[in-house]
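First up is the structure itself, then whatever we jot down about it.
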Amino acid sequence: MKTANLVLVLALVVPACAPAHDAKDAGLRFMMLMKDASGGPALDAPSGFHETGTVTRDGDTRTYETWGDFHALRTVSIMTRADGLSMTNGFDGTQAWQVGPDGTVQTDTSPETLAAARLGAYLTVGGYYWPERFPATFEYDGRKVADGLAYDVVTVTPDGAGPFDIWLDPDNHRLQRLTAMDGDQPFEGVVNTYDVVGGVSFAAGTTQTIGGQTMDHKVTLYEFTDVPAEKFAPPPG
């Protein structure tokens, strides 16, 4: 498998003027390389995950708990402040929903909100590892430089959602940066550390910047588990 991937690397030099279908073929091949570098077949076994961690911005640290479904675009996440108040955001595949600190439940099925929810769920579950489960287009954008380092960049556009760019380490093909638009604000995520669970490597520490505001994201627990469908449904209003 790895020998074959080395051959692929040699074949993936796509000139800037290459036909679109060549760039798309190369983009999909880079996704195969990234999946192999992140665990390969080990990624195909779990059905879902549970994660806890912290998010720190301007000295304010909050805890979070997230569940995701690897076979459907379904996620739910609870963010808790230091004073104990929490906000829950979920997507069950058909509607986005939120539970505020006062317990009020809101749902939203507007096209704009659903597109954003699909993109968020796709990123949360790592939908790019399974193009057969989560249809998307992948287009290789060439080798680019950020902060003095070179990356192979692939633009990913999931069905029904907006695009984002994956920046891969050209040596080990692991995801190192991710850029997108969060509404009208630019978003950038940079992976600082990786950890391994069940043969799968995941980003355990990232720095995320949205519209000029920077957050440090640290994972304290990551585990594979079956998550029941009702976990992703909004509670009764």
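If you count by our numbering, then the sequence shown holds residues 74 to 310, one letter each, in order. C-beta: ideal position from N, C-alpha, C; glycine also. Just so it is clear, the structure is predicted and the values come from calculations on it, not from any experiment.
- Ranked by Cα distance from Gly221, the options Asp242, Ile283, Ala155 are led by Asp242.
- DSSP places Ser150 within a strand segment (E or B) once states are collapsed to three.
- By alpha-carbon distance to Ser120, the top candidate from Ala306, Trp240, Thr148, His144 is His144.
- With a contact defined as Cβ atoms closer than 8 Å, Ala115 and Gly256 miss out at about 35 Å.
- The Cβ atoms of Thr228 and Glu212 lie closer than 7 Å to each other.
- Arg250 and Arg216 have their alpha carbons spaced roughly 13 Å apart.
- Counting every other CB atom within 10 Å of its CB across the protein chains shown gives Thr293 a total below 16, marking it as exposed.
- The segment 163 to 181 and the segment 295 to 310 touch, with three or more beta-carbon pairs separated by less than 8 Å.
- Taking the C-beta atoms as reference points, Ala253 is found no nearer than 7 Å to Phe275.
- Pro259 and Thr127 have their C-alpha atoms roughly 22 Å apart.
- Between Gly112 and Val226 the beta-carbon gap is near 22 Å, outside 8 Å, which marks them as no contact.
- Taking 3 residues as the shortest admissible run, the segment 149 to 182 contains the following complete beta strand (DSSP E) segments, listed from N- to C-terminal end: 159 to 164, 169 to 172, 178 to 181.
- Residue state for Phe260 is assigned as strand, using DSSP reduced to three classes.
- Annotation: the continuous beta strand (DSSP E) that includes Thr129 extends over 121 to 130.
- Contact between Thr136 and Glu124 is ruled out by a C-beta separation of about 11 Å, above the 8 Å threshold.
- Contact between Arg206 and Gly233 is ruled out by a C-beta separation of about 14 Å, above the 8 Å threshold.
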